[in-house]
Amino acid sequence: MAADVPEPELVLAAQRGDRVAFAALAARHGERLTRFLVTMTGDEHLAADVRQEALQLAMQRLEQLRDPSRFGHWLLSIACNQCRKRLRDQVQRNHAGSDALPELAAAHRSALSSLVRAEDAVQLALAIDRLPILLREAFVLFAIENLPYAEIAVITEVAEGTLQVRVHRAKALLRQQLGARVDTWWSR
1235 MAADVPEPEL
1245 VLAAQRGDRV
1255 AFAALAARHG
1265 ERLTRFLVTM
1275 TGDEHLAADV
1285 RQEALQLAMQ
1295 RLEQLRDPSR
1305 FGHWLLSIAC
1315 NQCRKRLRDQ
1325 VQRNHAGSDA
1335 LPELAAAHRS
1345 ALSSLVRAED
1355 AVQLALAIDR
1365 LPILLREAFV
1375 LFAIENLPYA
1385 EIAVITEVAE
1395 GTLQVRVHRA
1405 KALLRQQLGA
1415 RVDTWWSR
């Protein structure tokens, strides 16, 4: 059913309570959602939990979506918000009262082998994990998900100019950690 049905039709069917249509929508956007969340959290298990939470919220709030053609962006914005919440909670738990960001265990690093050579993936993942949450979010959406600033602004509810600054700062921090090779990774 899902492969040949246009997304807006699936959204309308899901809004009428069709769970199969919603499952088809979740499947269409599942890989991107998972990739984003794994990159953001650096932890496949946490990413799976956040993905599930985002999908449940989307199902509960589906009637709030006014433009069925924007489902993918809407779902990603829900996942983004859930991810922020989880990461902030994690920071508070790991650093009771501290503003420091957590350094995630090496065993939970995200796989970015499609973006960089295998030997650089771990270094890049570690560096991305060290970015402050809001810089990491903007950077991942722009540099890894290849979304334009206008779309990221809709997803994150942040001005485009602010997002450009966040991506610039993220790249600067990555440059400090990894050197100039950071720039060559995204020009490939």
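FYI, this note's numbering numbers position 41 of the sequence shown as 1275, with every residue one higher than the one before it. Note that the Cβ used here is the ideal one computed from N, Cα and C, for glycine as well.
- The three-state reading of DSSP puts L1368 in helix, counting H, G and I together.
- The three-state secondary structure of P1242, taken from DSSP, is helix.
- Within a 10 Å sphere around the beta-carbon of D1277 sit 16 or more other beta-carbons, which makes this residue buried.
- A Cβ-Cβ separation of about 6 Å places L1259 in contact with F1305 under the 8 Å criterion.
- For F1270, the enclosing alpha helix (DSSP H) stretches over residues 1253-1275.
- Cβ-Cβ distances below 6 Å link T1275 to A1281 in the same chain, with the five nearest sequence neighbours on each side left out; the list follows chain order.
- About 5 Å separates the CB atoms of Y1383 and L1397; that is less than 8 Å, so the two are in contact.
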